[in-house]
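Here the structure comes first, spelled out in structure tokens, and everything after it is commentary.
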Amino acid sequence: MDKVLEITSNDHIIMIDKLCKRILGHPEILGRIIKGFIKEAKDVSLEEIIELIKEKKDQEGNSYFQQLNNVIDIAHHGRVEFDYFCCINLPQDDGTMKRIYLDVEIQNVENPGYAPLTRGNDYLSRMITSQNGKEYDYRNYDGMKKAYVIWILPQAAKKRDGHVNRINSKLENVSGSTIERLESYDKSEQIMIYLNKDHDIKDKYEDSDWIKTPLVIFLNNTYDLLIKKEVMKEYGFE
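Position 183 of the sequence shown, counting from 1, maps to 183 under full-length UniProt numbering, and the rest follow consecutively.
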């Protein structure tokens with residue numbers, strides 16, 4: 001992590017895109033994002049998630065984690081480029097494994113002329129469609145894996161600093177008593193994480209400070225490299 005901070009720190013307060021991606025892809029940052037915001041990771045410790053990302057393999061030699069091609073080009077539907085696209089198999093308490101597909105996006109402009117969540121719906125549909133022929137096909141749609149888009153806004157307004165919203169599918173029972181299985185419709189989710197570049201590191205966030213403070217400090221250059229290294233040490237980064 002130390003080397004990544006040295007590479008990404010410069011005199012630009014708003015960090016350029018490719019440097020943000022270097023930070024997102026570091027196992028200790030990505031592991032915290034997964035542990036902090038992915039529901040399927042609740043049974044897995046942060047340390048174990050980091051090990052999974054570092055190419056730990058199962059008994060058959062298969063990797064639990066894959067960084068995927070961040071460009072999806074679907075014929076007649078155009079091309080999209082994700083900031084950081086991956087999939088990971090997460091062990092569950094019942095002994096099963098759940099694979100999720102994850103796109104993490106850095107959005108420096110809160111309002112780029114459209115709602116990022118609307119753009120996220122396009123991303124989710126492509127992430128699911130890209131599984132066709134690999135995870136599921138017309139004979140077995142149940143093989144479809146859940147897709148997440150996590151938006152990190154490191155330049156959000158002060159009044160929204162530390163706010164997090166989760167957007168997903170909910171079942172509304174209109175009449176009768178029939179309830180659909182959660183796993184049949186819970187296939188996509190977006191998470192909005194609002195952070196302010198002028199956040200005072202002395203003021204701890206009320207919840208999830210262990211991930212929010214490192215994100216806001218590492219993804220902005222408001223603080224110099226020395227302060228970043230102090231945060232790295234305080235929050236247990238290697």
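No residue lacks a Cβ here, since even glycine has one placed at the ideal position from N, Cα and C.
Considering only the beta carbon of each residue, do residue i and residue j sit closer than 8 angstroms?
i	j	result
residue 210	residue 194	no
residue 106	residue 122	no
residue 68	residue 154	no
residue 162	residue 135	no
residue 175	residue 124	no
residue 182	residue 20	no
residue 158	residue 198	yes
residue 232	residue 30	no
residue 101	residue 145	yes
residue 110	residue 75	no
residue 242	residue 213	Absent from the model: residue 242. The displayed extent of the chain is 1 to 238, so no value can be given.
How about residue i: is its Cβ closer than 7 angstroms to a heavy atom in the ligand SAM?
i	result
residue 116	Ligands displayed in this structure: none; no statement on the ligand SAM is therefore possible.
Within the same chain, show all residues whose beta-carbon is closer than 8 angstroms to that of residue i, passing over the 5 residues directly before and after it, in chain order.
i	result
residue 191	37, 148, 149, 150, 151, 164, 165, 166 and 167
residue 224	9
residue 28	1, 50, 237 and 238
residue 25	67 and 84
residue 87	65, 66, 68, 99, 100, 101, 102 and 145
Over the uninterrupted alpha helix (DSSP H) stretch that includes residue i, give me the two end residues.
i	result
residue 37	27–37
residue 109	Careful: residue 109 lies outside any alpha helix (DSSP H) and carries neither H nor E.
residue 229	225–234
residue 125	116–129
residue 139	That residue, residue 139, is in no alpha helix (DSSP H); it is neither H nor E in DSSP.
residue 201	Segment: none, residue 201 is in no alpha helix (DSSP H) and carries neither H nor E.
residue 17	17–24
residue 207	First-last for residue 207: undefined, no H or E at that position.
With a CB to CB cut of under 6 angstroms and the five nearest residues on each side skipped, what residues in its chain are close to residue i?
i	result
residue 89	64, 97 and 99
residue 128	147
residue 35	41, 46 and 49
residue 85	68, 70 and 103
residue 160	194
residue 32	211
residue 56	64
To which residues of the same chain is residue i closer than 7 angstroms at the C-beta, ignoring the five residues directly before and after it?
i	result
residue 92	43 and 98
residue 71	79 and 81
residue 244	Nothing can be reported for residue 244: it is not among the residues displayed for the chain, which extend from 1 to 238.
residue 126	72, 74 and 80
Between which two residues does the beta strand (DSSP E) harbouring residue i extend?
i	result
residue 146	146–153
Q: Scan the region 168–194 and note each continuous beta strand (DSSP E) run of 3 residues or more that stays entirely inside, going in chain order.
A: 188–194
Q. Which residue spans inside the region 43–94 form an unbroken alpha helix (DSSP H) run of at least 4?
A. 46–53
Q) When the Cβ atoms of the region 111–125 are set against those of the region 52–60, are three or more pairs found closer than 8 angstroms? A) no
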